[in-house]
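Asker: Could you have a look at this structure, given as structure tokens, before my questions?
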Amino acid sequence: GGQDSGVQLVSSILINDCLIQDNYGTYAGGVLAYGFGSSELRDCIIQFNTKYGSNSGAGGVHVSDCNPKISRCVISGNLSSKATGGVYVQDECHPEIVDSIIENNQGHGIMAEFACVDVNNCNVTQNTGSGIHLELLESPFGIGPQISDSLVALNEERGIAVHGSDVEATISDCLVQENEEGGVSFI
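So the sequence shown is residues 119 to 305, counted in the numbering used here.
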């Protein structure tokens, strides 16, 4: 395990079929993706990573100023000293998460702040925060987040929370159930 994130993605690169485990850092424990590339994480397991300190970020994957694709990955058991254990997205980016499992993370499963994220055909379950938390959304492409064909269940806060959005979020064909503070909220 590394001490400044397990993997840092700063350009267009494919990370395929990897185990990213037991790392830690101040912005991300597992994967820190930033810059202007369009990287892809495919068929990876990102687990038991820790983000520490007062900076925003995630134990699993932190995305800033880029548009990576996360496909067929398991992001599980990650810890954060802030709000997001699974995937944290910030600063005018619009990544895509497809066919993935985001579960059992400390904090939100997925959080977007001043950014958007698309989630398709994912299971977002059993996180200690909301399953998907979208706050103060902005999109570099002028379109909002698309959440579709996903299971969002058994999270300790809301299933899907959308706060202060200037762009339209679309939620379609999802099963949102048994989240402790309710299903979907728009505030």
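C-beta: ideal position from N, C-alpha, C; glycine also. Please read these numbers as outputs of a predicted model, since none were measured by experiment.
Determine the DSSP secondary structure at residue 142, reduced to helix, strand or coil.
Answerer: Correct three-state label for residue 142: strand.
Asker: Within this structure, are the beta carbons of residue 127 and residue 151 separated by less than 7 Å?
Answerer: Cβ atoms of residue 127 and residue 151: closer than 7 Å.
Asker: Determine the DSSP secondary structure at residue 208, reduced to helix, strand or coil.
Answerer: Here residue 208 sits in strand by DSSP.
Asker: Using 8 Å for Cβ pairs, my map puts residue 255 next to residue 285. What's the rounded Cβ distance?
Answerer: With 8 Å as the limit, residue 255 and residue 285 qualify as a contact, their Cβ atoms being about 5 Å apart.
Asker: Kindly provide the ranges of any beta strand (DSSP E) runs that are 3 or more residues long and lie completely inside the region 192-245, ordered along the chain.
Answerer: Runs of the beta strand (DSSP E) inside the region 192-245: 192-194, 202-208, 214-216, 219-221, 226-231, 236-238 and 241-243.
Asker: Going by DSSP, what residue range makes up the beta strand (DSSP E) through residue 159?
Answerer: Looking at the DSSP string, the run of the beta strand (DSSP E) that includes residue 159 is 158-160.
Asker: Among the candidates 241, 160, 214 and 274, whose CA atom is the shortest distance from the CA of residue 233?
Answerer: Taking only the C-alpha atoms, the option nearest residue 233 is 214.
Asker: Starting from residue 269, trace the beta strand (DSSP E) in both directions and tell me its first and last residue.
Answerer: Here the beta strand (DSSP E) through residue 269 covers 269-271.
Asker: So, at 6 Å on beta carbons, what are the nonlocal neighbours of residue 206 in its own chain, with the 5 sequence-adjacent residues on each side left out?
Answerer: Here the set comprises 175, 176, 180 and 229.
Asker: Classify residue 154 as helix, strand or coil using the three-state DSSP reduction.
Answerer: Note: residue 154 maps to coil in three-state DSSP.
Asker: In terms of DSSP beta bridges, what is residue 134 paired with?
Answerer: Its beta-bridge partners are 160.
Asker: Is the beta carbon of residue 227 less than 7 Å from the beta carbon of residue 242?
Answerer: Closer than 7 Å, so yes.
Asker: Closest by CA to residue 158, which one among 252, 170 and 186?
Answerer: Nearest C-alpha to residue 158: 186.
Asker: Classify residue 208 as buried or exposed, calling it buried when 16 or more other Cβ atoms lie within 10 Å of its own Cβ.
Answerer: The residue in question, residue 208, is buried, as its Cβ has 16 or more Cβ neighbours within 10 Å.
Asker: Could you say which of 201, 171, 252 and 293 lies nearest to residue 282 if we only look at CA atoms?
Answerer: Nearest of 201, 171, 252 and 293 to residue 282, Cα basis: 252.
Asker: In whole angstroms, what separates the C-alpha of residue 245 from that of residue 210?
Answerer: Straight-line Cα distance between these residues: approximately 25 Å.
Asker: Could you check the C-alpha separation between residue 235 and residue 135 for me, to the nearest Å?
Answerer: When rounded, the distance between both Cα atoms is 23 Å.
Asker: Apart from the five residues on each side of it in sequence, which residues of its chain come closer than 6 Å, Cβ to Cβ, to residue 223?
Answerer: Cβ neighbours of residue 223 beyond the five flanking positions: 196, 203, 204 and 245.
Asker: Helix, strand or coil for residue 166, going by three-state DSSP, please let me know.
Answerer: Coil.
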